[in-house]
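The opening residue of the sequence shown carries number 731 in my numbering; numbering runs sequentially from there.
Where is the CB? At the ideal position from N, CA and C, for every residue including glycine.
These figures come from a predicted structure and were not determined experimentally.
Worksheet: one structure, shown below.
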Amino acid sequence: MRHISPLRYPGGKGGLSDFLSEVICLNSLEGCPYFEPYAGGAGAALRLLTDGIVSKIYLNDADFRIYAFWRSVLDEPERFINSIQKVDISIDQWRKQREVLSNCNSNSMFDVGFATFFINRCSRAGIISTSGPIGGYGQKGTWKINARYSVDGLVVRVKVLQRLKESISISNLDAIEFLKKNLPAGPSRKNAFVYLDPPYYGQGNKLYMNFYDDSGHRGMAQYLQRQKTLPWIMTYDDETFIKEIYSFCEQHEFALQYSAQKVRKGTELLIHPNRIRIPAWSENIKFIDAA
731 MRHISPLRYP GGKGGLSDFL SEVICLNSLE GCPYFEPYAG GAGAALRLLT
781 DGIVSKIYLN DADFRIYAFW RSVLDEPERF INSIQKVDIS IDQWRKQREV
831 LSNCNSNSMF DVGFATFFIN RCSRAGIIST SGPIGGYGQK GTWKINARYS
881 VDGLVVRVKV LQRLKESISI SNLDAIEFLK KNLPAGPSRK NAFVYLDPPY
931 YGQGNKLYMN FYDDSGHRGM AQYLQRQKTL PWIMTYDDET FIKEIYSFCE
981 QHEFALQYSA QKVRKGTELL IHPNRIRIPA WSENIKFIDA A
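Set out below in structure tokens:
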């Protein structure tokens, strides 16, 4: 099963799981705890866990809606499966679920979590905040609103999460606060692994509810610069500002492909401290996300 996460995610890095596995093994970190402060769909984390490369995954997302999804699917998997199977896939339903997300404080954790899932699966590019339904409101195109809503396949993914529940921790914190709270202290920190995929610098405000201004991006760079033993690696959009604030690190451009709406090519940055070994093929990574 290639895709484990039930979520499609703009910029998702599920295709990086093989690369991250190589990094973990090259740095003798097999079986380590894994931390992801910007989890989103957590595609790579789930693959590493199911493959036995890491022992436990600590996921975090500052977006309450994403947190509510993970909390709901992990805490009430049978109810979640029933909702996947019974919900009407229609424009009217899409509008109803969008309304739930517009009023998170007035709805239950489960309702917000399922609405996040529904809108993610039924909206263009999986974008929750600003995208319209797949196929448009008139449903006149080739692709309809249910194009990414394969009931049987999604149920299987939830059942996989159900089996993995005891090895998954989920938080709804600021990224730095999450790391400070959850990373092991002292010498044990060198035996953990952190993968960071922060909100895009260039278009983060168009893709995510929780995005950074310059001070937010810079704050994480300063935090990581203070970590002298922590193994970590990061992917970012290829922007001059990002290159400058991570000038203390190794940086590589790598190729990628997106399938969120249509296949398109681009480049991103792979960033890591000098002490981390990476595979020789890392600058030629190609993957397709958002399944």
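- When only Cα atoms are considered, Asn876 and Arg738 end up about 14 Å apart.
- Taking C-alpha positions only, Ile1008 is separated from Thr872 by approximately 42 Å.
- Ranked by how close their Cα comes to the Cα of Gly862, the residues Glu896, Asp822, Gly771 have Asp822 in first place.
- For secondary structure counted as the beta strand (DSSP E) over 3 or more consecutive residues, the stretch 755-814 holds these complete runs in sequence order: 762-766, 784-790.
- Per DSSP, the beta bridge partners of Phe984 are Glu998.
- The criterion of a C-beta distance shorter than 8 Å is not satisfied by Phe749 and Leu913.
- Scanning Gln869, Gln827, Asn833 for the CA closest to the CA of Asn850 turns up Gln827.
- Per the DSSP secondary-structure output, Asp967 pairs in a beta bridge with Glu998.
- Judged by DSSP in its simplified three-state form, Ser751 adopts helix.
- The alpha carbon of Val803 has as its nearest neighbour, out of Ile963, Leu1000, Met839, the alpha carbon of Met839.
- Annotation for Val890: Ile734 place their beta carbon closer than 6 Å to its own, counting only its chain and skipping 5 residues before and after.
- Residue pairing for Pro863: DSSP places it in a beta bridge opposite Ser853.
- Scanning Asp841, Ala775, Leu926 for the CA closest to the CA of Asp805 turns up Asp841.
- For Phe923, the secondary structure class from DSSP, reduced to helix, strand or coil, is strand.
- Between Thr965 and Arg919, the C-beta gap is not smaller than 8 Å, which leaves the two residues out of contact.
- Less than 8 Å divides the Cβ of Ile814 from the Cβ of Val881.
- Each residue's CA atom was taken as its position, placing Leu909 and Val924 some 9 Å apart.
- Take Trp800, set aside five residues on each side of it, and the residues of its chain with a beta-carbon closer than 7 Å to its own are Leu789, Ile900, in chain order.
- At the C-beta level, Ser751 and Asp793 stay beyond 8 Å of one another.
- When the beta-carbon positions are compared, Pro767 and Leu926 come within less than 8 Å of each other.
- Closest in alpha carbon position to Tyr797, among Met950, Lys870, Ala845, is Ala845.
- Between the C-alpha atoms of Leu1000 and Thr970 there is a straight-line separation of about 14 Å.
- Bounds of the beta strand (DSSP E) holding Ser899 are 898-901.
- Looking from the CA of Pro928, the closest CA among Ala1010, Leu776, Met950 belongs to Met950.
- Taken through DSSP and simplified to helix, strand or coil, Trp824 comes out as helix.
- In this structure, Asn833 keeps its C-beta atom at 8 Å or more from the C-beta atom of Pro961.
- When the alpha-carbon of Lys874 is set against those of Lys911, Pro1003, Trp824, the nearest one is in Trp824.
- Annotation: the continuous alpha helix (DSSP H) that includes Gly949 extends over 944-955.
- Per the coordinates, the alpha-carbon of Val885 lies some 10 Å from the alpha-carbon of Tyr879.
- Note on geometry: alpha-carbon atoms of Phe978 and Gly865 lie some 45 Å from one another.
- Within its own chain, the residues whose Cβ lies closer than 7 Å to the Cβ of Gln955, once the five positions on either side in sequence are excluded, are Phe978, listed in chain order.
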